[in-house]
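Novice: Here the protein sequences line up with chains A and B, keeping their order.
Quick note on numbering: the working numbering labels position 338 of the first sequence as 338, and the sequence is numbered without any gaps.
Quick note on numbering: the working numbering labels position 140 of the second sequence as 140, and the sequence is numbered without any gaps.
Attaching a single structure in structure tokens format; questions to follow.
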Amino acid sequence: MRQLSVNVHQLTRIEGHGNIVLNAKDGEIKELRWEVTESPRFFEAMLRGRYYEDVSHIASRICGICSIAHTTASIQATEAAFGIQLSEQTLLLRKLLYNAELLESHVLHILFLVAPDFFGVDSVFPLVETHRDIVLMALRLKKLAYNLAELLAGRKTHPLSCVVGGFAKLPELGELKAVRERLEDALVDLKAVVKLFKTLNIPSFERETEYIALKDPKEYAFISGQIASTDAGIIPLSDYLKVTNEFCVPHSTAKYTRHKRDSYMVGALSRFNLNHDQLLPSAKRVAKELGLTAPCHNPFMITAAQLVESFYAVEDSISLIDRILSKGLKEEENRVGVRSGRGVGAVEAPRGILFHDYTYDENGLLTKANCVIPTNQNHNNIQKDMEALVPLILNQSEDKIRHTLEMLVRAYDPCVSCSTH
Amino acid sequence: MKPKVAFFDFTSCEGCQLDALNLTGEELTDLLNAVDVVNFREVKTQREDNYDVAFIEGSITRESEIPRLQKIRNQAKVLIALGACACIGGVNCLKNHLPMEEVKQIVYGKDAKYYDTIPARPVNAVVPVDYYVRGCPPLPAELLKVIKALLLGKKPEIPNHPVCVECKMAGNICVFERGTTCLGPVTRAGCGAICVTSGRHCWGCRGLVDEPNIDSEKDILKKYGLTVEQVVEKFKIYDTYVEVLR
Numbered sequence: 001m002r003q004l005s006v007n008v009h010q011l012t013r014i015e016g017h018g019n020i021v022l023n024a025k026d027g028e029i030k031e032l033r034w035e036v037t038e039s040p041r042f043f044e045a046m047l048r049g050r051y052y053e054d055v056s057h058i059a060s061r062i063c064g065i066c067s068i069a070h071t072t073a074s075i076q077a078t079e080a081a082f083g084i085q086l087s088e089q090t091l092l093l094r095k096l097l098y099n100a101e102l103l104e105s106h107v108l109h110i111l112f113l114v115a116p117d118f119f120g121v122d123s124v125f126p127l128v129e130t131h132r133d134i135v136l137m138a139l140r141l142k143k144l145a146y147n148l149a150e151l152l153a154g155r156k157t158h159p160l161s162c163v164v165g166g167f168a169k170l171p172e173l174g175e176l177k178a179v180r181e182r183l184e185d186a187l188v189d190l191k192a193v194v195k196l197f198k199t200l201n202i203p204s205f206e207r208e209t210e211y212i213a214l215k216d217p218k219e220y221a222f223i224s225g226q227i228a229s230t231d232a233g234i235i236p237l238s239d240y241l242k243v244t245n246e247f248c249v250p251h252s253t254a255k256y257t258r259h260k261r262d263s264y265m266v267g268a269l270s271r272f273n274l275n276h277d278q279l280l281p282s283a284k285r286v287a288k289e290l291g292l293t294a295p296c297h298n299p300f301m302i303t304a305a306q307l308v309e310s311f312y313a314v315e316d317s318i319s320l321i322d323r324i325l326s327k328g329l330k331e332e333e334n335r336v337g338v339r340s341g342r343g344v345g346a347v348e349a350p351r352g353i354l355f356h357d358y359t360y361d362e363n364g365l366l367t368k369a370n371c372v373i374p375t376n377q378n379h380n381n382i383q384k385d386m387e388a389l390v391p392l393i394l395n396q397s398e399d400k401i402r403h404t405l406e407m408l409v410r411a412y413d414p415c416v417s418c419s420t421h
Numbered sequence: 001m002k003p004k005v006a007f008f009d010f011t012s013c014e015g016c017q018l019d020a021l022n023l024t025g026e027e028l029t030d031l032l033n034a035v036d037v038v039n040f041r042e043v044k045t046q047r048e049d050n051y052d053v054a055f056i057e058g059s060i061t062r063e064s065e066i067p068r069l070q071k072i073r074n075q076a077k078v079l080i081a082l083g084a085c086a087c088i089g090g091v092n093c094l095k096n097h098l099p100m101e102e103v104k105q106i107v108y109g110k111d112a113k114y115y116d117t118i119p120a121r122p123v124n125a126v127v128p129v130d131y132y133v134r135g136c137p138p139l140p141a142e143l144l145k146v147i148k149a150l151l152l153g154k155k156p157e158i159p160n161h162p163v164c165v166e167c168k169m170a171g172n173i174c175v176f177e178r179g180t181t182c183l184g185p186v187t188r189a190g191c192g193a194i195c196v197t198s199g200r201h202c203w204g205c206r207g208l209v210d211e212p213n214i215d216s217e218k219d220i221l222k223k224y225g226l227t228v229e230q231v232v233e234k235f236k237i238y239d240t241y242v243e244v245l246r
């Protein structure tokens, strides 16, 4: 008779608080849960009554890793509600700012949160001694992303200059030029990460699910487009509630979602599965080198997709800076006309599709908000993955099972406090 | 013997802890040579319950967080509040303007019964705090400054003059000249007036200076045709002592 009990209280090396619970007896699973225990902050209630100018400032605080994604989704929801059209200059700067966060977030996950599992250590700290080059490289890439965001928005965490309708301050062209050189160097650093990644032994578990991401016919979508699903095709943004179908479960302070199946996946792998043909050349080459081909149904490969997207972020940033440098930047008048109405903003946060949905009154005060977060859409998929994975590994040691489940959850790069918000 | 340092998160976005990792290789090496990081759930798996210095991120918004925080206070020789939520309550206090039942209803509807919450409060409303690293988020440089001061056995020096002083030094045009309300005149400096420098206004995330010149802020508001109500609305975002201005 074999009694198996895995109880991971507050899983480490993820953002936020969650537990893994598994109890099995004689090969039969009695209990298996991914629990989300994060304190809710009630952002939808906190945003009520706020003037539109302060809304993105508050909404940014939903997440400390992807605050640029939240700020952008928030601003875009307000712009949609007020019927604001953006200039080409604003769009170029917004995309560039967006890439900075994508790069930082992916590097943090790949090298600080995931890599220790493969080196058999508990954190990045021992690697400062044993794998100094890798740690220095990670810090260098992170610093570059921070500096790029600082140039465009004052800072990376809770950005300042990106506002409804435009930018409150423009970057210096000379500084953009200097960052461009460092981006070229970043491609060299990222190639070293690819080399490292190829030596890792990625678990070979597969479970097909529904994959959902933004899709834009013009480019690999991050801040534009409509909803795309591998099961249902293109769905207009205005119908997002028909996709997310949020529901509550008692063991999670974050809401769950489902669409065509029991669960769906969002994030880097979903984006790759839906939009891979729109990646830029170096990112495509890296995908091939990493053995990542669409459709990929292995959640452990999310990290590989993040690495591919890191190349995209750098390559796209270089081309955006070139376009900005050739056009120059000019001060644009930004008069926001407040009106009553509803607007939905959607972006691809590093961890997946993110919706902010706001209703304003005629004075520009917010009357209703709804935010659907990437990780809150992934929680149910994590649960279903665990249910498919555990029977395959049930004969392994308790330690091994625990570690594999930890790695599975970690692969999703969950942003738990964000998901509960 | 290196001091043992622990990071703990309560109700927050975890941005303060993550920004603490925005270091250069040299800074990280120096830091790890000087302290032992023994507890840091977000980036580290092994945990140790024996530590000297505890950094607390986040505000307290659930009953269950109170005993957890008290236990940390009992263990730590030095307890430091990290960031606006821990220092002054932060944005989480925005929900305090509504009854908790209504707040839960707005977010969870018919399932509100599953979840518990209490009005948000800063760390010092529950246990004594030794030092404050302010801001939303704090500047990594200030965090390093506090750690360095502690290692030298000194009291970390945090400015007690208003943001306006740093804003002038940064060469910014006064926000009031643009007809916008700003909390710079009464907010504690140390941020280099980063928000104004980035084209915005001060939201007061670092809390008030010890003796805010409220009359002066009121005079400024009057001069520029702005109202106390407008500024109180701005204060509400970090809930920095709304009552003071009334």
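Glycine residues also receive a C-beta, built at the ideal position from the N, C-alpha and C atoms.
Small disclaimer: the values here were computed from a predicted structure and weren't measured.
Can you pull the chain B residues whose beta carbon is under 7 Å from the beta carbon of A/Leu-136, in chain order?
Specialist: Ordered by position in chain B, the residues that pass the 7 Å Cβ test against A/Leu-136 are Gly-25.
Novice: Which runs of the alpha helix (DSSP H) fall wholly inside the region 84-117 of chain B and span at least 4 residues, in chain order?
Specialist: Segments of the alpha helix (DSSP H) lying fully in the region 84-117 of chain B: 84-88, 100-108.
Novice: Is there contact here, the region 40-51 of chain A with the region 17-29 of chain A, by at least three beta-carbon pairs under 8 Å?
Specialist: Counting Cβ pairs under 8 Å, fewer than three are found: no touch.
Novice: Give the DSSP bridge partners of A/Lys-25, in chain order.
Specialist: Paired residues: A/Gln-3, A/Glu-28.
Novice: Mapping DSSP to helix, strand and coil, what is B/Asp-215?
Specialist: B/Asp-215: helix per DSSP, three-state reduction.
Novice: Of the choices A/Val-164, A/His-379, A/Leu-389, whose alpha-carbon is the least far from that of A/Thr-420?
Specialist: Out of A/Val-164, A/His-379, A/Leu-389, A/His-379 has the C-alpha closest to the C-alpha of A/Thr-420.
Novice: Let me check understanding here. Comparing Cα to Cα, which of B/Ala-84, B/Asp-49, B/Arg-188 lies closest to B/Lys-71?
Specialist: Selected option, being the one with the closest Cα: B/Asp-49.
Novice: Please state the DSSP three-state secondary structure of B/Gly-192.
Specialist: Coil.
Novice: Does the beta-carbon of A/Ala-305 have 16 or more other beta-carbons within 10 angstroms, so that it is buried, or is it exposed?
Specialist: Classification for A/Ala-305: buried.
Novice: So B/Asp-36 and B/Lys-77 are supposed to be a Cβ contact under 8 Å. How far apart are they, rounded?
Specialist: That pair is no contact at about 14 Å.
Novice: Starting from A/Thr-359, follow the beta strand (DSSP E) in both directions and report where the run begins and ends.
Specialist: Segment 352-360, the beta strand (DSSP E) holding A/Thr-359.
Novice: Smallest Cα separation from A/Asn-273: which of A/Arg-258, A/Lys-288, A/Thr-293?
Specialist: The candidate whose alpha carbon is nearest that of A/Asn-273 is A/Thr-293.
Novice: What are the residues in the region 137-154 of chain A lying within 8 Å of chain B by C-beta distance?
Specialist: Answer in chain order: Leu-139, Arg-140, Lys-142, Lys-143, Tyr-146, Ala-153, Gly-154.
Novice: For B/Leu-32, go through chain A and note every residue whose CB falls closer than 9 Å to its CB, in chain order.
Specialist: The contacting residues are Phe-125, Val-128, Glu-129.
Novice: Thinking C-beta only, is B/Ser-59 closer than 8 Å to B/Gly-15?
Specialist: Their beta carbons are not under 8 Å apart, which means B/Gly-15 does not touch B/Ser-59 by this criterion.
Novice: With A/Phe-118 as the anchor, note down where its alpha helix (DSSP H) starts and where it stops.
Specialist: First-last of the alpha helix (DSSP H) with A/Phe-118: 115-119.
Novice: Please list the residues of the region 88-107 of chain B that have a C-beta atom closer than 7 Å to any C-beta atom in chain A, keeping them in chain order.
Specialist: Those would be Val-91, Asn-92, Leu-94, Lys-95, Leu-98, Val-103, Ile-106, Val-107, in chain order.
Novice: State yes or no: is the C-beta of B/Val-116 within less than 8 Å of the C-beta of B/Arg-68?
Specialist: The question names Val, yet the displayed sequence has Asp at residue 116 of chain B. Contact flag unset, no.
Novice: Return no unless some Cβ of chain A is closer than 8 Å to the Cβ of B/Ile-237.
Specialist: Closer than 8 Å to some Cβ of chain A, the Cβ of B/Ile-237 qualifies, so yes.
Novice: Name the residue from B/Lys-113, B/Gly-179, B/Ile-106, B/Arg-134 whose alpha carbon lies nearest to the alpha carbon of B/Gly-225.
Specialist: Closest option to B/Gly-225, Cα to Cα, is B/Gly-179.
Novice: Can you give me the C-alpha to C-alpha distance between A/Gln-383 and A/Asp-239, rounded to a whole angstrom?
Specialist: Roughly 26 Å between the two C-alpha positions.
Novice: Run through chain A and tell me which residues come within less than 9 Å of B/Lys-44, C-beta to C-beta.
Specialist: Per Cβ cutoff of 9 Å: Thr-12, Arg-13, Pro-116, Asp-122, Ser-123, Val-124, Phe-125.
Novice: According to DSSP, what are the bridge partners of A/Ser-224?
Specialist: Per DSSP, none; premise fails for A/Ser-224.
Novice: Are there 16 or more other CB atoms within 10 angstroms of the CB of A/Thr-72, so buried, or fewer, so exposed?
Specialist: Classification of A/Thr-72: buried, given that the 10 Å Cβ count is 16 or more.
Novice: Are A/Val-347 and A/Ala-69 touching if we call contact CB-CB under 8 Å?
Specialist: The answer is yes: Cβ separation under 8 Å.
Novice: In the region 20-41 of chain A, which residues sit with their C-beta less than 7 Å from some C-beta in chain B, listed in chain order?
Specialist: Hits within the stretch, in order: Ser-39, Pro-40, Arg-41.
Novice: Taking beta-carbon pairs under 8 Å, can you tell me which members of the region 178-203 of chain B lie near chain A?
Specialist: The residues in question are Ile-194, Cys-195, Thr-197, Ser-198, Gly-199, Arg-200, Trp-203.
Novice: Indicate whether at least one CB of chain A lies closer than 8 Å to the CB of B/Val-37.
Specialist: For B/Val-37, the answer is yes, since a Cβ of chain A falls inside 8 Å of its Cβ.
Novice: Quick check on DSSP: helix, strand or coil for B/Val-11?
Specialist: According to the sequence shown, residue 11 of chain B is Thr rather than Val. If DSSP states are grouped into helix, strand and coil, B/Thr-11 belongs with the strands.
Novice: For B/Thr-197 versus A/Gly-154, is the C-beta distance shorter than 8 Å?
Specialist: Going by C-beta atoms, B/Thr-197 is nearer than 8 Å to A/Gly-154.
Novice: Helix or strand or just coil, what does DSSP make of B/Arg-206?
Specialist: Of the three classes helix, strand and coil, the one that applies to B/Arg-206 here is coil, per DSSP.
Novice: Return the CA-CA distance between A/Arg-180 and A/Glu-332, expressed in angstroms with no decimal places.
Specialist: Taking the straight line joining both Cα atoms gives about 24 Å.
Novice: Per DSSP, which one or two residues make a beta bridge with A/Cys-415?
Specialist: According to DSSP, which records beta bridges pairwise, A/Cys-415 is partnered with A/Glu-15.
Novice: Starting from the C-beta of A/Ser-432, find all residues in its chain whose C-beta is less than 6 Å away, skip the five residues before and the five after it, and write them out in chain order.
Specialist: Outside the shown range of chain A, which is 1 to 421, sits residue 432 of chain A, and nothing can be said about it.
Novice: Between A/Asp-322 and chain B, is any beta-carbon pair separated by less than 8 Å?
Specialist: Judged by the 8 Å Cβ criterion, A/Asp-322 is not in contact with chain B.
Novice: Please confirm whether A/Pro-391 and A/Ser-105 have their CB atoms less than 8 Å apart.
Specialist: Taking 8 Å as the Cβ cut-off, A/Pro-391 and A/Ser-105 do not qualify as a contacting pair.
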